[in-house]
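First comes the structure, then the notes that go with it.
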Amino acid sequence: RLVSLICFQYGLYSCFMSSFVYIFFGSCKDVTVGPTAILGLLTQPYVMEHTEDFAVLICFISGVIIFILGVLHLGFLVDFISIPVTVGFTSAAAITIGSSQLKSLLGIPGSADGFLDTWINFFRNIGQVQKWDSILGFGTIVVLLAMRKLKDFSTGRNNRQLSPGLRLFRTSIWLLSLARNALVIIIGIVLAYTLSDENGENAPFRLTGDVREGLPPFQPPPFSTSSNTTEYTFGDMVNIYGTAIGVVPLLSILGHIAIAKAFGESQRNIQYRVTTIRRSIIRPGSR
Numbered sequence: 007r008l009v010s011l012i013c014f015q016y017g018l019y020s021c022f023m024s025s026f027v028y029i030f031f032g033s034c035k036d037v038t039v040g041p042t043a044i045l046g047l048l049t050q051p052y053v054m055e056h057t058e059d060f061a062v063l064i065c066f067i068s069g070v071i072i073f074i075l076g077v078l079h080l081g082f083l084v085d086f087i088s089i090p091v092t093v094g095f096t097s098a099a100a101i102t103i104g105s106s107q108l109k110s111l112l113g114i115p116g117s118a119d120g121f122l123d124t125w126i127n128f129f130r131n132i133g134q135v136q137k138w139d140s141i142l143g144f145g146t147i148v149v150l151l152a153m154r155k156l157k158d159f160s161t162g163r164n165n166r167q168l169s170p171g172l173r174l175f176r177t178s179i180w181l182l183s184l185a186r187n188a189l190v191i192i193i194g195i196v197l198a199y200t201l202s203d204e205n206g207e208n209a210p211f212r213l214t215g216d217v218r219e220g221l222p223p224f225q226p227p228p229f230s231t232s233s234n235t236t237e238y239t240f241g242d243m244v245n246i247y248g249t250a251i252g253v254v255p256l257l258s259i260l261g262h263i264a265i266a267k268a269f270g271e272s273q274r275n276i277q278y279r280v281t282t283i284r285r286s287i288i289r290p291g292s293r
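If you use our numbering, the sequence shown closes out at 293, no skipped numbers anywhere.
Structure (structure tokens):
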């Protein structure tokens with residue numbers, strides 16, 4: 007939501023559908039599946055100017071393109087993506103994503119649709135930094151970094167020469183470090199619930215807002231849509247995407263390779279094609 011500007015439900019549904027598909031096709035726990043921040047930034051302009059249907063359709067088209075590449079056994083093309091390209095992409099993604107989160111981290115108002123606009127908005131509204139948003143944001147970062155270091159104290163947890171109590175302690179430390187992301191989210195939820203009123207308002211920091219309850223309906227991606235009383239056919243939507251039809255799949259593959267290159271070849275490419283398509287058919291709808 008914070009990056010791509012679409013409803014929270016889209017990200018939640020995409021995450022759990024990708025995980026379900028990964029159970030059958032995946033083999034590596036370290037590969038990222040589901041929506042990513044860099045792809046959220048790429049779809050953001052279409053959501054801002056039109057509707058969320060544009061983000062759903064580009065997800066489907068990207069999945070189809072990547073799937074076709076796999077069916078045609080064109081996976082060898084990734085061998086031409088050199089290490090400098092992968093490292094450059096990873097570094098650029100880190101800078102871009104980090105910059106896009108400044109506004110939320112500091113509670114600064116305003117909006118921006120690009121890297122430069124983000125920093126312009128930051129310096130323009132730097133005097134409106136919210137104290138409690140900043141404390142929560144930087145405090146969370148500190149806690150995450152500290153909990154990541156905890157795993158250094160969990161070495162030897164499987165050493166049979168240690169006492170059962172010491173092995174249990176080190177295993178607990180390891181699990182605590184492993185669950186750090188979930189723990190800070192739970193702590194944030196508790197703080198938001200405790201410090202806000204019954205309507206979820208008057209909290210000392212900005213909240214994400216309401217999230218629609220229930221499970222999503224299964225439906226095909228939108229091949230036509232309307233925005234601001236204007237009807238868009240499939241051809242119109244493709245014309246609006248322009249070069250993004252090729253850029254989004256390419257960056258999807260690059261983001262996947264940035265992690266997958268560290269591991270052996272397996273069925274990861276297959277599961278990535280399938281999950282990308284499946285994410286486009288699980289979305290909020292009228293009930």
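Virtual Cβ for every residue (Gly too), placed ideally from N, Cα, C.
Beta-carbon separation (whole angstroms), residue i vs residue j, contact threshold 8 Å
i	j	result
T42	G261	6 Å
S105	F86	Incorrect: roughly 29 Å between the Cβ atoms, too far for contact.
I67	I246	Not really, about 12 Å apart at Cβ, beyond 8 Å.
L221	A209	Not quite, the Cβ-Cβ distance comes to about 28 Å (not below 8 Å), so this is no contact.
S258	I72	7 Å
Same chain, Cβ closer than 6 Å to residue i, neighbours up to 5 away in sequence not counted
i	result
F211	W138, D139, L142
A99	I44
L108	F128
L48	V254
G113	Q136, D139, R212
T239	S230
H56	S233
S25	none
G241	none
Residue i, buried or exposed, once every other Cβ within 10 Å from all chains shown has been counted against 16
i	result
Q134	exposed
F144	exposed
G248	exposed
A188	exposed
T124	buried
G81	exposed
K52	It is Tyr, not Lys, that sits at residue 52 in the sequence shown. Buried, since its Cβ has 16 or more Cβ neighbours within 10 Å.
Y199	exposed
M243	buried
I3	For the chain, the structure presents residues 7 to 293; residue 3 sits outside this window and is missing.
M23	buried
G94	exposed
Q167	exposed
G69	buried
Q225	exposed
E237	exposed
Residue i in three-state terms, based on DSSP
i	result
S232	strand
F211	coil
E219	coil
E58	coil
S25	helix
E271	Bear in mind that a pLDDT of 46 at E271, under 50, signals an unreliable position, so the model cannot answer this.
Contacting residues, own chain, Cβ-Cβ under 7 Å from residue i (five flanking each side not counted)
i	result
V190	T146, V149, L150
K157	W180, S183
R186	L150, M153, R154
Sequence-distant residues of the same chain with beta carbon closer than 8 Å to residue i, five excluded per side
i	result
F159	R176, I179
N165	R173
I194	At residue 194 the sequence reads Gly, which differs from the Ile that was named. Contacts found: L142, T146.
G116	K109, N127, R130, N131
T161	R176
Three-pair Cβ contact test at 8 Å for the region 60-77 versus the region 232-252
In short, these stretches touch, since the Cβ pair count reaches three.
Answer yes if the region 121-134 comes into contact with the region 166-173, meaning at least three C-beta pairs across the two stretches below 8 Å, and no otherwise.
no
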